[in-house]
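In the numbering used here, the protein residues as written are 945 to 1266.
Here a beta-carbon is modelled for each residue, glycine too, at the ideal position from N, C-alpha and C.
Please read the structure below before turning to the comments.
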Ligand code: CP3
């Protein structure tokens, strides 16, 4: 959940010299950033330093990260002609730098820490491509989905094929697990998820299942979507803090593992409260068949790195095997 990022002084020092895209596109620098939280906090897994939006550029939709605004897509895609023009790329063409970074990171980790690769899911990618950046209500995205379903499904098919190939390529390059980020899919009703999203996500995840590599299927605000997300696939389902972990497990059953779900803002709370909340999550997760402790969503830039280290140590202490 952005375990490498602006809350770390080591990261800010590199960002003073390079843009975010420069860091992503240079395998040596991406390797360096990926290792920062592993070295500083002893987390159990490294997460590839990249961004979910990287495939947009080779597909034909260049963008930049504007200061203070987040991502800005230069020419938002809003009609059939623009969707027709998007290229269904091979990851080696245009995203080779990510695959090179994975190989380099695996060499540096030397078998001691596993590496998690990742990609954005079709809805979340489409929301940036159509809105042109971040959005509060996804109005343009939903307008295309409801009013031009053929174009919508074509866009979803293009994204699902690119993401399927890209995650397969990450696994071949050496990723030990992959996470599919459907960060904003919680803005949809279960009915719309089932009709407009599920078949496309299912195509990605049923293919990845063949690899035997664990896949984490992540979203936020998904209390009502979890059973459908489970149907779409994944070895592990990400749960955010809005759903108590025991309720998520009761809803999902024990044939799928779960990940989560500390509110990232609790990292700003006094240690006593933070400790109680971590313990509460660990207690609620006891019934899971498989469980990964994590934040429920991305860490905020204002976070104190010592609080992150505190939580990593606390979880290790509470879960160490006799
Ligand atoms: O250790 C890690 O997890 C870092 C790797 C990583 C980044 N982005 C680098 C990054 C990961 C896993 C992502 C995923 C990502 N990117 C998501 C899904 C995760 C989520 O939060 O739901 C999304 C929606 C994006 C798109 C994106 N990238 C946005 C909206 C922004 C701007 C947000 C902001 O806080 O300004 C980014 C920028 C970004 N990507 C940063 C990092 C470390 C921070 C910006 C910077 O360094 O300038």
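Checklist entry - Are the beta-carbon atoms belonging to residue 1009 and residue 958 less than 8 Å from one another? => result Along the chain shown, read from residue 1 onward, the residue named residue 1009 stands at position 65. Along the chain shown, read from residue 1 onward, the residue named residue 958 stands at position 14. Their beta carbons are not under 8 Å apart, which means residue 1009 does not touch residue 958 by this criterion.
Checklist entry - Of all the options 1190, 1125, 1243, 1247, which has the alpha carbon lying nearest to the alpha carbon of residue 1232? => result Residue numbering aside, residue 1232 sits at position 288 when the chain shown is read from its first letter. Residue 1190 is the option with its Cα nearest to residue 1232.
Checklist entry - So is residue 955 buried or exposed if we call it buried at 16+ other beta carbons inside 10 Å? => result Mapped onto the chain shown, residue 955 falls at position 11. It is buried - the Cβ of residue 955 has at least 16 other Cβ atoms within 10 Å.
Item to check | Where the alpha helix (DSSP H) containing residue 1173 begins and where it ends | outcome: Residue 1173 sits at position 229 when you count from the first residue of the chain shown. Residue 1173 -> alpha helix (DSSP H) spans 1170-1176.
Checklist entry - Comparing the CB of residue 1318 with every heavy atom of the ligand CP3, is any distance shorter than 7 Å? => result Not covered by the structure: residue 1318. The range shown for the chain is 945 to 1266.
Checklist entry - Where does residue 1013 fall in DSSP's three states? => result As a position in the chain shown, residue 1013 is number 69, starting the count at 1. DSSP places residue 1013 in coil when its eight states are reduced to three.
Item to check | Any non-hydrogen atom of the ligand CP3 closer than 7 Å to residue 960 Cβ | outcome: Taking the chain shown and counting its residues from 1, the one referred to as residue 960 is at position 16. No.
Next on the checklist: By alpha-carbon positions, which one of 1253, 1216, 1188, 1200 ends up nearest to residue 1227?
Outcome noted: By one-based count along the chain shown, residue 1227 stands at place 283. Of 1253, 1216, 1188, 1200, the residue nearest in Cα terms is 1188.
Checklist entry - Cβ of residue 1237 versus every heavy atom of the ligand CP3: is any distance shorter than 7 Å? => result Looking up residue 1237 in the chain shown gives position 293. For the ligand CP3, not one heavy atom lies less than 7 Å from the Cβ of residue 1237.
Item to check | For residue 1102 and residue 1030, believed in contact at Cβ under 8 Å, the rounded distance | outcome: By 1-based counting over the chain shown, the position of residue 1030 is 86. By 1-based counting over the chain shown, the position of residue 1102 is 158. Right, their Cβ atoms sit about 5 Å apart.
Item to check | Simplified DSSP state of residue 1126, which is helix, strand or coil | outcome: Here residue 1126 corresponds to residue number 182 of the chain shown, with the count starting at 1. If DSSP states are grouped into helix, strand and coil, residue 1126 belongs with the strands.
Item to check | Beta-carbon proximity of residue 989 to residue 1058, cut-off 8 Å | outcome: Here the question's residue 989 lines up with position 45 in the chain shown. Here the question's residue 1058 lines up with position 114 in the chain shown. Taking 8 Å as the Cβ cut-off, residue 989 and residue 1058 qualify as a contacting pair.
Checklist entry - Looking only at its own chain, which residues have a Cβ that is under 6 Å from the Cβ of residue 996, when we skip the five neighbours before and after it? => result Numbered from 1 along the chain shown, position 52 holds the residue referred to as residue 996. Cβ neighbours of residue 996 beyond the five flanking positions: 1064, 1125.
Checklist entry - Taking the C-alpha atoms as reference points, what is the distance between residue 1156 and residue 1115? => result Mapped onto the chain shown, residue 1156 falls at position 212. Mapped onto the chain shown, residue 1115 falls at position 171. Their Cα atoms are separated by approximately 10 Å.
Checklist entry - How should residue 1025 be labelled, buried or exposed, when 16 other C-beta atoms within 10 angstroms of its C-beta is the threshold for buried? => result The sequence position of residue 1025 within the chain shown is 81, counting from 1. Label assigned to residue 1025: exposed.
Checklist entry - Can the beta-carbon of residue 1145 be found less than 8 Å from the beta-carbon of residue 1119? => result Residue mapping note: residue 1145 aligns to position 201 of the chain shown, counting from 1. Residue mapping note: residue 1119 aligns to position 175 of the chain shown, counting from 1. Cβ atoms of residue 1145 and residue 1119: not closer than 8 Å.
Checklist entry - Taking C-alpha atoms, which residue in 1006, 1034, 967 lies nearest to residue 1110? => result Here residue 1110 corresponds to residue number 166 of the chain shown, with the count starting at 1. Ranking the options by Cα distance to residue 1110, first place goes to 1034.
Next on the checklist: Per the DSSP calculation, residue 1008 is bridged to which residue(s)?
Outcome noted: Along the chain shown, one-based indexing puts residue 1008 at 64. Per DSSP, 1016.
Checklist entry - Where does residue 1060 fall in DSSP's three states? => result For the purposes of this step, residue 1060 is taken as residue 116 along the chain shown, with counting starting at 1. Three-state DSSP puts residue 1060 in a strand.
Next on the checklist: Please identify the residue among 1152, 1265, 1072, 1138 whose C-alpha is closest to the C-alpha of residue 1122.
Outcome noted: Against the chain shown, residue 1122 aligns to sequence position 178. Residue 1122 has its Cα closest to that of 1152, out of 1152, 1265, 1072, 1138.
Checklist entry - Just reading off the beta strand (DSSP E) that residue 1140 is part of, what are its end residues? => result By 1-based counting over the chain shown, the position of residue 1140 is 196. It is not in any beta strand (DSSP E) - residue 1140 carries neither H nor E in the DSSP assignment.
Next on the checklist: What does the alpha-carbon distance come out to for the pair residue 1084 and residue 1013?
Outcome noted: Counted from its first residue, the chain shown places residue 1084 at position 140. Counted from its first residue, the chain shown places residue 1013 at position 69. About 19 Å.
Item to check | Classification of residue 1238 by the beta-carbon crowding that lies within 10 angstroms, buried from 16 upward | outcome: Here the question's residue 1238 lines up with position 294 in the chain shown. By the 10 Å Cβ count, residue 1238 comes out buried.
Next on the checklist: Can you tell me where the beta strand (DSSP E) holding residue 1160 begins and where it ends?
Outcome noted: Taking the chain shown and counting its residues from 1, the one referred to as residue 1160 is at position 216. From DSSP, the beta strand (DSSP E) with residue 1160 extends over 1159-1163.
Item to check | Segments of 3+ residues assigned as beta strand (DSSP E) that fall wholly inside the region 1020-1107 | outcome: 1059-1064
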